[in-house]
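J.:
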Ligand code: PBG
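In the working numbering, the protein residues as written are 21 to 347.
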């Protein structure tokens, strides 16, 4: 009988050199699997910084076009546009107005980018309403689900006509995917892709985004976005969106919801994306600015974490920069 003085199984064998590690990596990042969210502000002649998101700006139409071209050049898979209008009202009229900032910007970008990158738009009313909610309000001041669906239908058609290839349904209204699919198909936009924010949580990680879009919201979105305590409910939302015809599912935020991402990826037969949101970005930038963390390694680790948990692609404010690292 001999004493075991050395292990027979040695997992370290596959970690011994960069070349071996590279060959045996289970997950990788690729520029095509990154999507860049972008803000475009009405009436500004040049890009304006967003204090709580250093490095991210509210674009003018011109700077937006340049930045989209840079993203495409870096190999980024898609851009997602958010509009910041000059004037807002109770029903978010600018969202459906062909001359509204998001639709104008979409047309401007569509004319330039062609097939180089997938042009996407956020389909939600919160940037356009004077109360900042994602839908229209009823007499009691609550978000009226079904009245909001009518607005989303019109918004979808306006965005498709402006040249958006993929609509990001981020409002968390019940039945929004079915309603928008029906409206698009009826108007002949059968090729327009629907990204359903299947699982979107009422998260404090959206904090800096509120500054980014000059949000008018007072209060919160807990009556329509999901409770961070709920995991099963993420699957329920994902299943409903699949039944309603979603082409892609989104889980949002990313970092604190990797379990949900993993669950959704396990049941989905369409691509699943993760949204690394404004607060995730801001935390890393703030810590890095203080010299407390290795910025690049942390960014890569958060992205690979989302991919490993099951995201086929990740929406991230670092998309262009990371795509350049990967080249
Ligand atoms: C709503 C919307 C929000 C974000 C994207 N779409 C804000 C919210 O739901 O409160 C947040 C994204 C981010 O924080 O980066 N249309």
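Think of the CB as a built atom: it goes at the ideal place given N, C-alpha and C, for glycine as much as any other residue.
Owing to the predicted nature of the structure, the values given are computational and were not obtained by experimental measurement.
(1) Do you know how far the Cα of residue 33 is from the Cα of residue 183?
(2) Compute every distance between the C-beta of residue 297 and the non-hydrogen atoms of ligand 1, then say whether any falls below 6 Å.
(3) When you compare only the Cα positions, how much space is there between residue 352 and residue 279?
(4) Go through its chain and collect everything with a Cβ distance to residue 83's Cβ below 6 Å, but skip five positions before and after it.
(5) Work out the CA separation of residue 42 and residue 36 for me, nearest whole Å.
(6) If I measure Cβ to Cβ from residue 40 and keep anything under 7 Å in the same chain, skipping five residues before and after, which residues do I get?
(7) Is DSSP giving residue 100 helix, strand or coil here?
(8) Kindly indicate which residue of 194, 74, 201 and 204 has the alpha-carbon position closest to the one of residue 166.
(9) For residue 349, which of 277, 259 and 55 has the nearest alpha-carbon?
(10) Excluding the 5 residues flanking residue 110 on each side, which residues of the same chain have their C-beta closer than 8 Å to its C-beta?
(11) Less than 8 Å between C-beta atoms, sequence neighbours within five positions excluded: which residues of the same chain meet that for residue 126?
(12) Grouping DSSP H, G and I as helix and E and B as strand, with all else coil, what is residue 188?
(13) Give me the Cα-Cα distance between residue 174 and residue 264, rounded to the nearest whole angstrom.
(14) Would the beta-carbon of residue 143 fall within 7 Å of that of residue 187?
T.: Taking the coordinates as given:
(1) 51 Å
(2) Inclusion of residue 297 in the 6 Å shell around ligand 1 follows from its C-beta lying nearer than that to a non-hydrogen atom of the ligand.
(3) The requested residue 352 does not occur in the structure, where the chain is confined to residues 21 to 347.
(4) Same-chain partners within the cutoff: 67.
(5) 11 Å
(6) 34
(7) strand
(8) 194
(9) Examination of residue 349 is not possible in this model, given that the chain is present from 21 through 347 alone.
(10) 149, 150, 151, 156 and 157
(11) Closer than 8 Å at the Cβ level, and outside the excluded window around residue 126, lie 101, 139, 141, 179, 182, 183 and 184.
(12) strand
(13) Cα to Cα, the separation comes out at about 18 Å.
(14) Contact: yes.
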